[in-house]
Structure formats: structure tokens, C-alpha cells
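Report on the structure given below.
As C-alpha cells, this is what we get:
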């Protein structure tokens with residue numbers, strides 16, 4: 043879900059756990075929406091960067107003419 047705390051929007055994650063003694067309890071985690079967006083954008087930009095170096099294709103493809111296969 044979502045929450046607004048002091049004018050800032052957060053994603054809210056909640057889950058139920060059981061302790062080693064068998065006692066059930068709930069946990070909450072608040073993550074700022076803008077921080078999640080910024081982190082995702084940084085990952086997308088990094089993934090879009092070229093790997094670098096020359097591309098060496100280890101699998102050669104045979105040339106063929108239309109209608110014939112080599």
C-alpha cells in the first residue's frame with residue numbers, strides 16, 4: 043500500500059512472521075516512492091550502457107543466397 047508521512051509519499055510493505063517461540067508478529071517497511079523510482083531509473087540507465095570492448099562472435103554464420111542454404 044501507500045502512506046503519506048510529513049507530506050512525503052511512501053510505499054508500505056507488511057508481512058506476518060512467527061518468532062522462534064511461536065509468537066506471531068507483523069512487520070512494516072516504508073520506502074520513499076521517489077527513492078524507488080530513482081533507483082529503478084539508475085539501474086535502467088546502467089543496463090543500457092554498452093558492455094565495451096570488441097564484440098567477437100564465437101558462432102560463425104554461413105553466407106547464403108536466396109533459395110539456397112549453405
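Numbering (this note's numbering), first residue to last: 43 to 112. Positions of the beta carbon are idealized from the N, C-alpha and C atoms, including for glycine.
Indicate whether residue i and residue j have their beta-carbon atoms separated by less than 8 angstroms.
{"i": "residue 72", "j": "residue 46", "result": "no"}
{"i": "residue 56", "j": "residue 69", "result": "yes"}
{"i": "residue 59", "j": "residue 67", "result": "yes"}
What residue range does the beta strand (DSSP E) around residue i cover?
{"i": "residue 46", "result": "44 to 47"}
{"i": "residue 63", "result": "Element bounds for residue 63: n/a, residue is neither H nor E."}
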